[in-house]
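Engineer: FYI, the numbering for the sequence shown is -7 to 285, going by my numbering. No residue lacks a Cβ here, since even glycine has one placed at the ideal position from N, Cα and C.
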Amino acid sequence: LVYFQNLHLSWNPALFQFRTTTHGFWPKEQGPGNDSFNVAENPQFVLAMSSDAIAKKASIWILLSRHVEREEQAGVEVTDFLTAHIHRSQNKSNRIWYPGGVGCVLTGAYSNNPHVLIRYDLKDNSDSKLVLVLSQYKKTRDISYTLSCFCTEPFSLGRPAKDLSFRKRIESQWSDSRAGGPPGQPGFQLNPMWNARIPNGGAVVQLRCSTEKTYAVNVMMVKVDNSEFRVRHLTREPAIDSGHYRHGFVVSDLKKLSPGSYTIIASTFNRGQTGTFSLDLFSSVQLELQLIG
């Protein structure tokens, strides 16, 4: 090309009777710089496919357009690499927490082109709700974008459910004296612990924990009889458990808890592993956390 920097081809818009477009802004501070272990805060959109779209195994085309700034028009090298991944919805909130996995049906290719086009052919009823997860490679700055979806059959575009109304964040660390490892280890009672009291009427609660991506972590909430004592051993199933130890970030399911006293425990898979972490307690009512010494 001698006189033009880019050449874009388009199709006849009449090919797609059903289409929708939305615009968004993704600030640099939203979500981790590297989302290879945590996509919870990435922009996400829910595609609800109609029964006709499922029955006819329609194709859904998704066009993600990054808004071009003046510097790029002047020929400055573009360092923004953007794409979209498609997941089957795994929970009632329709939010995707972790990248990849069996629920990811299409992994987009990162590109610094202003436009990223992907196509997905519906398979069966498991594709009735699809979640689009936007992703950047080595996020460096704020990005504005336009998301357009096209299909020959009816569908709707929405957003995942919002977080619970109340959030309590604690910045803490596993220190030399507070890094006891997983349940079953003799030092489990040394891990950082907090007490939370659920009031009459109960509360819906969710836990999240984020740390360095090299640390495999877990967070759980155990009902206790005495709020002042540390949990030495698990004598009952945790009321809330983030599940298998994962690197960098874990999240629990939403759970309705009955009134009473609970202890929150954050641990690493390797005993003696020291470092900082962030603990988030989301709840349907205001809760207070008290550090257990």
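1. Check for me: the beta strand (DSSP E) holding I284 runs from which residue to which?
2. To the nearest angstrom, how far is it from the Cα of Q36 to the Cα of P152?
3. Closer than 6 Å by C-beta to I52: which residues in its own chain qualify, once you throw out the five before and the five after it? Chain order, please.
4. Determine the extent of the alpha helix (DSSP H) in which S43 is found, giving its start and end residues.
5. DSSP puts S148 in a beta bridge; with which residues?
6. Whose C-beta lies closer than 6 Å to the C-beta of R133 among residues of the same chain, with five residues either side of it excluded?
7. Determine the DSSP secondary structure at F8, reduced to helix, strand or coil.
8. Mind checking who D233 pairs with in its DSSP beta bridge?
9. Cutting at 8 Å between CB atoms, please list the residues of its own chain near I46, excluding the five before and the five after it.
10. In the DSSP output, which residue or residues are listed as bridge partners for E163?
11. With DSSP as the reference, please indicate the residues paired to W186 in a beta bridge.
12. Would DSSP call F158 helix, strand or coil?
13. Classify H0: buried if its beta carbon has 16 or more other beta carbons within 10 angstroms, exposed otherwise.
14. Sort S259, P175, R263 and D233 by Cα distance to L249 and report the nearest one.
15. Can you tell me whether Q128 is buried or exposed, with buried defined as 16 or more other CB within 10 angstroms of its CB?
16. When the Cβ atoms of the segment 220 to 231 are set against those of the segment 167 to 174, are three or more pairs found closer than 8 Å?
Structural biologist: Taking the geometry as given:
1. To locate residue 284, count along the sequence shown from 1; it is residue 292. It is not in any beta strand (DSSP E) - I284 carries neither H nor E in the DSSP assignment.
2. Taking the first residue of the sequence shown as position 1, residue 36 is located at position 44. Taking the first residue of the sequence shown as position 1, residue 152 is located at position 160. Approximately 7 Å, taken between the alpha carbons.
3. The count along the sequence shown starts at 1 and reaches residue 52 at position 60. Counting only Cβ-Cβ distances below 6 Å, and skipping sequence neighbours, we find Y112 and C143.
4. Working through the sequence shown from its first residue, we reach residue 43 at position 51. Segment S43 to A47, the alpha helix (DSSP H) holding S43.
5. Numbered from 1 along the sequence shown, position 156 holds the residue referred to as residue 148. Paired residue(s): A40.
6. The count along the sequence shown starts at 1 and reaches residue 133 at position 141. Excluding residues within five positions, the ones whose Cβ falls inside 6 Å are K20.
7. Here the question's residue 8 lines up with position 16 in the sequence shown. DSSP places F8 in coil when its eight states are reduced to three.
8. Here residue 233 corresponds to residue number 241 of the sequence shown, with the count starting at 1. Answer is M212.
9. Here residue 46 refers to the residue found at position 54 when the sequence shown is read from its first residue. Hits under 8 Å: L114, D116, N117, D119 and S120.
10. If you number the sequence shown from 1, residue 163 lands on position 171. S270.
11. Translated into the one-based positions of the sequence shown, residue 186 becomes position 194. Answer is I256 and L283, bridged to W186.
12. By one-based count along the sequence shown, residue 158 stands at place 166. Of the three classes helix, strand and coil, the one that applies to F158 here is strand, per DSSP.
13. Along the sequence shown, read from residue 1 onward, the residue named residue 0 stands at position 8. Its Cβ having fewer than 16 others within 10 Å, H0 is exposed.
14. The residue you call residue 249 lines up with position 257 of the sequence shown. Comparing Cα-Cα distances from L249 to each of S259, P175, R263 and D233, the minimum goes to D233.
15. Residue 128 sits at position 136 when you count from the first residue of the sequence shown. Flag for Q128 reads buried.
16. no
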